[in-house]
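Residue numbers (the numbering used here), protein chains in the order written: chain W, 5 to 244; chain F, 5 to 244.
Just so you know, even glycine gets a beta-carbon here, dropped at the ideal spot from N, CA and C.
There are 2 protein chains.
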Amino acid sequence: MATKIDERSRTREPLSRERILRTAVAVADKGGAESLSMRRIAQELGVVAMALYKHVANKDELLDGMIDAVIGEIDPPIEGADWKTAMRERILSARRALLRHPWASQVIESRAEPTPTIIGYMDSMMGIFISGGFSVDLMHHAMHVMGSRILGFSQELFDETSSMPADEAIAMWAQLADRYPNIAALVGEISGGDISHDEGSVVGGGCDDQFEFEFALDLMLDGLERLRSAPTPQPAGSTG
Amino acid sequence: MATKIDERSRTREPLSRERILRTAVAVADKGGAESLSMRRIAQELGVVAMALYKHVANKDELLDGMIDAVIGEIDPPIEGADWKTAMRERILSARRALLRHPWASQVIESRAEPTPTIIGYMDSMMGIFISGGFSVDLMHHAMHVMGSRILGFSQELFDETSSMPADEAIAMWAQLADRYPNIAALVGEISGGDISHDEGSVVGGGCDDQFEFEFALDLMLDGLERLRSAPTPQPAGSTG
DNA sequence: ACCTGAACACCGTTCAAGT
DNA sequence: ACCTGAACACCGTTCAAGT
Numbered sequence: 005m006a007t008k009i010d011e012r013s014r015t016r017e018p019l020s021r022e023r024i025l026r027t028a029v030a031v032a033d034k035g036g037a038e039s040l041s042m043r044r045i046a047q048e049l050g051v052v053a054m055a056l057y058k059h060v061a062n063k064d065e066l067l068d069g070m071i072d073a074v075i076g077e078i079d080p081p082i083e084g085a086d087w088k089t090a091m092r093e094r095i096l097s098a099r100r101a102l103l104r105h106p107w108a109s110q111v112i113e114s115r116a117e118p119t120p121t122i123i124g125y126m127d128s129m130m131g132i133f134i135s136g137g138f139s140v141d142l143m144h145h146a147m148h149v150m151g152s153r154i155l156g157f158s159q160e161l162f163d164e165t166s167s168m169p170a171d172e173a174i175a176m177w178a179q180l181a182d183r184y185p186n187i188a189a190l191v192g193e194i195s196g197g198d199i200s201h202d203e204g205s206v207v208g209g210g211c212d213d214q215f216e217f218e219f220a221l222d223l224m225l226d227g228l229e230r231l232r233s234a235p236t237p238q239p240a241g242s243t244g
Numbered sequence: 005m006a007t008k009i010d011e012r013s014r015t016r017e018p019l020s021r022e023r024i025l026r027t028a029v030a031v032a033d034k035g036g037a038e039s040l041s042m043r044r045i046a047q048e049l050g051v052v053a054m055a056l057y058k059h060v061a062n063k064d065e066l067l068d069g070m071i072d073a074v075i076g077e078i079d080p081p082i083e084g085a086d087w088k089t090a091m092r093e094r095i096l097s098a099r100r101a102l103l104r105h106p107w108a109s110q111v112i113e114s115r116a117e118p119t120p121t122i123i124g125y126m127d128s129m130m131g132i133f134i135s136g137g138f139s140v141d142l143m144h145h146a147m148h149v150m151g152s153r154i155l156g157f158s159q160e161l162f163d164e165t166s167s168m169p170a171d172e173a174i175a176m177w178a179q180l181a182d183r184y185p186n187i188a189a190l191v192g193e194i195s196g197g198d199i200s201h202d203e204g205s206v207v208g209g210g211c212d213d214q215f216e217f218e219f220a221l222d223l224m225l226d227g228l229e230r231l232r233s234a235p236t237p238q239p240a241g242s243t244g
């Protein structure tokens, strides 16, 4: 009994919103988005779940606070750079922040309404396009083209962390070559000669995510640059 | 009591996997992804939740079955078309399927492992690139560029269904013009002269989603076409 | 003023029991 | 063979009660 009281008083900094958010981010960094329950966060603070409700209105508000903390880690735009460099570097900074907090993209997606911090970030990204000579209209389309990439993440349709060892995965896809010939070709190409270095399961985390992210990013930025200096602001195939 | 028995026997087609999936899709179409609980689906079938477990292993398997049902609605690729047309039309077909089942994109994202049906769909999309003359490498990058668009959806960072009336939204953003000048400019541009037709809250569902989807799609397809016939397979800014 | 216990209305899932 | 009731281990959240 005495021990329990000691444990509690040991952590008796008075449980502020700030401390709750810090703890929640730490819990998520360690255990992923699934570990984010009010009871779990409270436990980490040596407190009961209902105690949190004096400092945050509800779980959604807590999640918003966590999102804002991550967005706050993104570097401000480079001063004096051209729009493309400014956009590219800031998106890569956002990506670094998101990679430090792997739960964040999922939490951002789960929230219906953007926080004021995210709205502000978006507005500042729009400003980079406008300063770069984009019309308001083309800036609008550009924001849709970029989508979540503007926040540094993209939808990965296959799980990034395949539990299977690379060589097993390669063998598996080879066996399925008649059913999925193109995936098999892809796995074959990438694994190439040296199966030893873990690039095996192309479809399950074997690819170089950073390269693919930048490849797609540059394709989009190059496409937008072309439209920016083109007579007609729509790509050829567009039907409206 | 007699009434209750009557109600039950009325729906006594013997509760197959097929019937469960059909009902689950109907429940989700009506109530969204949040309404997809085992208890809720069972209730719709006049049965108790635990009865479902004789026909599906668990909820994840049920979700996979629902996903496959939606993927099954996507048209096969057009025969004899060039790769760009084939890709474009099939993605737009996928989009129509996803729009018929608005819960599907969220459910697909929530699942870590792709179903065999999705893997097959991906392989067939890869085949369109390969047949169109893409190298295996460029096809790989192309798949990453397209991302979830290949399944007909894209990450919308703002909620598409804003509860606010268009004119209220316009007034709101006008008032926030000093804090978010670029968003304000955007809303101002789009609302233009006629506020009456509901294009108001650009940042909350006021934009033409179909146009933006096709705009981004075409920008990507055009960019890929350029790389396909270029000497070096990487966009200019790429650092690897 | 700040935290807690008990409770409510939900989840997915297991397992022994009913027909 | 097929379905059910009770139970377990979880959720977010409310509200009256404790200190």
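Asked, Found
"Is there a Cβ of chain W sitting closer than 9 Å to that of F:L161, yes or no?", "yes"
"Using a Cβ-Cβ cutoff of less than 7 Å, which residues in the same chain neighbour W:A73 once the five nearest sequence positions on both sides are dropped?", "L25 and V29"
"Within the 9 Å Cβ cut-off, does W:P118 reach chain F?", "yes"
"Kindly give me the distance between the Cβ atoms of W:V111 and W:L67, rounded to whole angstroms, as I take these residues to be in contact under 8 Å.", "5 Å"
"For a test of the three-state rule: what should DSSP assign to W:N186, helix, strand or coil?", "helix"
"With 9 Å set as the bound, which would you pick, yes or no: does the beta-carbon of W:S158 sit closer than that to a beta-carbon of chain F?", "yes"
"Would you grab the beta carbon distance between W:S216 and F:H148 for me? Rounded to a whole angstrom, and I think it's under 8 Å.", "Just to set this straight, residue 216 of chain W is Glu in the shown sequence, not Ser. W:E216 to F:H148, Cβ: 4 Å. Contact."
"Alpha carbon to alpha carbon, how far is F:S97 from F:G76?", "11 Å"
"Interface residues of chain F around W:P185 at Cβ under 8 Å?", "D127 and G131"
"Run through the segment 39-107 of chain W for me and flag every whole beta strand (DSSP E) of 3 or more residues, listed as ranges in chain order.", "none"
"Within 9 Å of any Cβ in chain F, is that where the Cβ of W:E38 sits?", "no"
"At the level of alpha carbons, what is the spacing between W:G36 and W:R99?", "17 Å"
"Quick one: grab the DSSP three-state call for F:P120.", "helix"
"Buried or exposed: where does F:M70 fall if 16 or more other Cβ atoms within 10 Å of its Cβ makes it buried?", "buried"
"Less than 9 Å between the beta carbons of F:R94 and F:I123, yes or no?", "no"
"In chain W, which residues lie with their C-beta within 9 Å of the C-beta of F:M91?", "Neighbours of F:M91 on chain W: none; closest Cβ ~11 Å, over 9 Å."
"Decide if F:D212 is buried, meaning its Cβ has at least 16 other Cβ atoms within 10 Å, or exposed.", "exposed"
"Can you check whether the C-beta of W:D68 is within less than 9 Å of a C-beta belonging to chain F?", "no"
"Suppose contacts are defined by Cβ-Cβ distances below 9 Å. Is W:W87 in contact with W:D33 by that definition?", "no"
"Can a CB atom of chain W be found closer than 9 Å to the CB of F:V140?", "yes"
"If you drop the 5 nearest sequence neighbours on each side, which residues of the same chain put their C-beta closer than 8 Å to that of W:H59?", "L19, S20, R21 and I24"
"F:A90: buried (16+ other C-beta within 10 angstroms of its C-beta) or exposed?", "buried"
"Helix, strand or coil for W:S195 per DSSP?", "helix"
"At least one CB of chain W closer than 9 Å to the CB of F:M54: is that the case?", "no"
"What's the C-alpha gap between W:D141 and W:A234?", "14 Å"
"Measuring only from the beta carbon, is F:E48 closer than 8 Å to any heavy atom that is part of the ligand ADP?", "For the structure depicted, the ligand ADP is absent and the ligand set is empty, with no information on it obtainable."
"When the cut-off is 9 Å and only beta carbons count, does W:M176 lie next to chain F?", "no"
"Taking CB distances under 9 Å as the criterion, tell me whether F:S152 reaches chain W.", "yes"
"Hey, would you say F:G227 sits closer than 9 Å to W:L161, going by beta carbons?", "no"
"For a quick check, are the C-beta atoms of W:L153 and W:L221 less than 9 Å apart?", "It is Arg, not Leu, that sits at residue 153 of chain W in the sequence shown. Contact flag set, yes."
"What do you reckon, are the CB atoms on F:L102 and F:L155 nearer than 9 Å?", "yes"
"By DSSP, does W:D226 sit in helix, in strand, or in coil?", "helix"
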